[in-house]
RNA sequence: CGGGGUGUAGCUCAGUAUGGUUAGAGUACCUGGUUUGGGACCAGGGGGCCGAAGGUUCGAGUCCUUUCACCCCGACCA
């Protein structure tokens, strides 16, 4: 491509609202333009990068035996009602009616559509397993789209769906897909981590997220210092502490503790480690048609993890409550404890099961219980893992310590089981002629988010640095002075030579100054720029490496071979 | 969905407290000239329903009302 003909509107200034490097540089370098909140146009350079990522995804999907399909973007609302997700997804589903007044939904993900496609068409265990995928635009009417391509309302996702006759076969496919996803991210040149995750609105038994490590990531992940364990903070677990602080041994008693409403005040009052205190977090738990206040109890040194709390109560939502609401129930904020009190449902963190020498609220203004043995609650209360892990906690699989880092969720793979096949009545006949719902898996990967992720990990103050597998063009030939006929001739010759060798090459033939064209090349981020300039009189050109920003002189005769070596 | 902010040239922004010729700068763009190794310089030029609608006024980018859009913090979210 000749730069003089290319539609690459670069700019010195970033959009005023852009904060992330990926957003700033993709906009400045002429890859994307914004249309409306969370909606972007992909310009020629972006389109080329997207196609490259898609090609890699396609290659790896073919290797694991998945088949590409493309399902309708507009999906009948009836299907969403059938699975029950029309409520669960809520306003994120963009709904509209056609001229015949039928309700439709723009597809935010395609479990229902895919199940509908397969049910009654695959009806025998002999035709399983089956893995179908597509790469397609999705639409989710996010409450607050932001960060450019990172969180758009319209985005490109690769979504795969597998169908199995047994959970063992699903496990096998899940592992194969995880391996394929790792391969894709590795080929793209990304630093990533596979972590355990919460299954969210998609549902299902087990799920893992593929996180690209980046400070700008919106997710916090806990990773082990010794082993491979990593988990989203929403799902991270830990081992019980090996070393515990000295226990405040005491007989059970009610103790006057005026004005000690917070854990800090309580720990200070008794001069004990917050580890031995019981913290109460009251929340309103919302179900489909009702809601109730639930008291969550964790150790004073821990915090409630709301996603875990949501899962423990099987609720749709969890919202804050006011002190007034608690007082109406007869509870005493600051002094709420799990003993002798049945005014609201209790959920106690499993780390408190059997704990002794604890201090907790006595449900009476100004009083706490001391010397509490939590095991007396064993049979009467619901225990669940609801505490958020802290940095420095012990890994659940080894004796390593957990630390936090930020990640961009670029992939999420789920073992769905029969979550969708059952309600949608998608069944097959097994060896015994018995009807069974499909055992399913679903595997998503954000293609447009990957474009942004590559730049989050590969950029500097001058702009984008594309990896070899993602670069829109591998080589940029820069003719320093377009009025110098010898430079033009040498540039054109190399341009033709590289094109004939099927190298993706840009020829910067614009009538601009050296500095202007270099800045432009650095902003766009071509891996290599060949500078045809003042050294040509000695028969030399320079090879500029974008990643290292170094220039190497070499003879015109050698440049082609040298490039072929690098690419 | 709560709280806040901003809408003026393709882009980044002045101008609005105190209404008053023809609405500005930088950048980008066009023409001519000079320049040609790190976003050059000189001269000339095109480009605006001042987000939209209504109102106040002799007169509105500026004041009032309504509305829309976009952004930020939070809630939410593969």
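In the numbering used here, the protein residues as written are 25 to 591. Ideal placement from N, C-alpha and C gives every residue a C-beta, glycine not left out.
When the Cα atoms are used, what is the spatial distance from residue 249 to residue 563?
Stepping through the first chain from its first residue, residue 249 is reached at position 225. Stepping through the first chain from its first residue, residue 563 is reached at position 539. If I take the Cα positions, the gap works out to 54 Å.
In this structure, how does DSSP classify residue 588 when only helix, strand and coil are distinguished?
By 1-based counting over the first chain, the position of residue 588 is 564. DSSP places residue 588 in helix when its eight states are reduced to three.
Using only CA atoms, which one of 515, 317, 324, 127 lies nearest to residue 288?
Against the first chain, residue 288 aligns to sequence position 264. For the residues 515, 317, 324, 127, the minimum Cα distance to residue 288 belongs to 324.
What's the call for residue 574, buried or exposed, on a 16-neighbour Cβ count within 10 Å?
Along the first chain, read from residue 1 onward, the residue named residue 574 stands at position 550. Within a 10 Å sphere around the beta-carbon of residue 574 sit fewer than 16 other beta-carbons, which makes this residue exposed.
Where does the unbroken beta strand (DSSP E) through residue 308 begin, and where does it stop?
Along the first chain, one-based indexing puts residue 308 at 284. Run containing residue 308: 302 to 310, per the beta strand (DSSP E) assignment.
Does the region 232 to 246 come into contact with the region 350 to 362, if we say contact requires no fewer than three beta-carbon pairs (one atom in each stretch) closer than 8 Å?
no
Using the rule of at least 16 other Cβ atoms within 10 Å of the residue's Cβ for burial, across every protein chain shown, is residue 270 buried or exposed?
Your numbering for residue 270 matches position 246 in the first chain. Classification for residue 270: exposed.
Taking only the alpha-carbon atoms, compute the straight-line gap between residue 409 and residue 400 and give it to the nearest angstrom.
For the purposes of this step, residue 409 is identified with residue 385 of the first chain, where counting begins at 1. For the purposes of this step, residue 400 is identified with residue 376 of the first chain, where counting begins at 1. The straight-line gap from Cα to Cα measures roughly 19 Å.
Specify, as a first and last residue, the run of the alpha helix (DSSP H) that residue 102 falls within.
Translated into the one-based positions of the first chain, residue 102 becomes position 78. Residue 102 -> alpha helix (DSSP H) spans 101 to 107.
Let me know the secondary structure DSSP gives residue 523 once reduced to three states.
As a first step, residue 523 is located in the first chain; it is residue number 499 there, counting from the start. Reduced to three states, the DSSP call for residue 523 is helix.
Measure the CB-CB distance between residue 469 and residue 185 and report whether it falls below 9 Å.
Against the first chain, residue 469 aligns to sequence position 445. Against the first chain, residue 185 aligns to sequence position 161. No.
Three-state secondary structure (DSSP) at residue 68?
Taking the first chain and counting its residues from 1, the one referred to as residue 68 is at position 44. Helix at residue 68.
If you check the beta carbons only, do residue 508 and residue 560 fall under 9 Å apart?
Indexing the first chain from 1 puts residue 508 at position 484. Indexing the first chain from 1 puts residue 560 at position 536. A contact, by the Cβ cut-off of 9 Å.
Hey, is the region 41 to 48 in contact with the region 471 to 490, meaning 3+ C-beta pairs nearer than 8 Å?
yes
Just to confirm the assignment, what range does the beta strand (DSSP E) spanning residue 256 have?
The residue labelled residue 256 in the question sits at position 232 within the first chain. Segment 254 to 256, the beta strand (DSSP E) holding residue 256.
Over what stretch of residues does the beta strand (DSSP E) that includes residue 235 continue unbroken?
Locating residue 235 in the first chain gives position 211, where the first residue counts as 1. Element bounds for residue 235: 230 to 237.
Could you give the uninterrupted runs of the alpha helix (DSSP H) lying entirely in the region 327 to 414, keeping only those of 4 residues or more?
330 to 337, 347 to 352
Can you tell me the Cα-Cα spacing of residue 218 and residue 252, whole angstroms?
The sequence position of residue 218 within the first chain is 194, counting from 1. The sequence position of residue 252 within the first chain is 228, counting from 1. Whole-angstrom Cα-Cα distance: 9 Å.
Report the rounded CA-to-CA distance for residue 517 versus residue 579, giving the unit in angstroms.
Here residue 517 refers to the residue found at position 493 when the first chain is read from its first residue. Here residue 579 refers to the residue found at position 555 when the first chain is read from its first residue. Approximately 14 Å between the Cα atoms of the pair.
With a CB to CB cut of under 6 Å and the five nearest residues on each side skipped, what residues in its chain are close to residue 90?
Locating residue 90 in the first chain gives position 66, where the first residue counts as 1. Result list for residue 90: 155, 157, 184, in chain order.
Using CA coordinates, which residue listed in 546, 56, 493 is at the minimum distance from residue 572?
As a first step, residue 572 must be located in the first chain, where it is residue number 548. Ranking the options by Cα distance to residue 572, first place goes to 546.
Kindly provide the ranges of any beta strand (DSSP E) runs that are 3 or more residues long and lie completely inside the region 432 to 488, ordered along the chain.
Qualifying beta strand (DSSP E) stretches, in chain order: 451 to 453, 459 to 461, 463 to 470.
Would you mind reading off the limits of the beta strand (DSSP E) that contains residue 278?
In the first chain, counting from the first residue as 1, residue 278 sits at position 254. Where residue 278 is concerned, the enclosing beta strand (DSSP E) stretches over 277 to 280.
Looking at residue 290: is its Cβ nearer than 9 Å to the Cβ of residue 305?
Position 266 of the first chain holds residue 290. Position 281 of the first chain holds residue 305. Going by C-beta atoms, residue 290 is not nearer than 9 Å to residue 305.
Do residue 473 and residue 216 have their C-beta atoms closer together than 9 Å?
Sequence index remark: in the first chain, residue 473 carries index 449 (1-based). Sequence index remark: in the first chain, residue 216 carries index 192 (1-based). Going by C-beta atoms, residue 473 is not nearer than 9 Å to residue 216.
Using a Cβ-Cβ cutoff of less than 6 Å, which residues in the same chain neighbour residue 407 once the five nearest sequence positions on both sides are dropped?
Start at 1 with the first residue of the first chain, and residue 407 comes out as number 383. Here the set comprises 372, 374, 377.
How many Å lie between residue 450 and residue 84 at the Cα?
For the purposes of this step, residue 450 is identified with residue 426 of the first chain, where counting begins at 1. For the purposes of this step, residue 84 is identified with residue 60 of the first chain, where counting begins at 1. Near 28 Å, if we compare the C-alpha coordinates of residue 84 and residue 450.
Kindly identify the DSSP beta-bridge partner or partners of residue 319.
Counting from 1 along the first chain, the entry for residue 319 is found at position 295. Residue pairing for residue 319: DSSP places it in a beta bridge opposite 306, 370.
Tell me the residue span of the alpha helix (DSSP H) that contains residue 159.
Locating residue 159 in the first chain gives position 135, counting from the first residue. Here residue 159 belongs to no alpha helix (DSSP H); instead the beta strand (DSSP E) covers 154 to 163.
Once DSSP output is grouped into helix, strand and coil, what is the label at residue 512?
Counted from its first residue, the first chain places residue 512 at position 488. If DSSP states are grouped into helix, strand and coil, residue 512 belongs with the helices.
In three-state DSSP terms, what is residue 25?
Within the first chain, numbered from 1, the residue matching residue 25 stands at position 1. Here residue 25 sits in coil by DSSP.
Check for me: the alpha helix (DSSP H) holding residue 293 runs from which residue to which?
Locating residue 293 in the first chain gives position 269, where the first residue counts as 1. Per DSSP, residue 293 belongs to the alpha helix (DSSP H) from 287 to 294.
Is the region 325 to 341 in contact with the region 308 to 315, if contact means three or more CB pairs nearer than 8 Å?
yes
Apply the 10 Å Cβ neighbour rule to residue 168 and answer buried if 16 or more other Cβ atoms are within range, or exposed otherwise.
Counted from its first residue, the first chain places residue 168 at position 144. Classification of residue 168: exposed, given that the 10 Å Cβ count is below 16.
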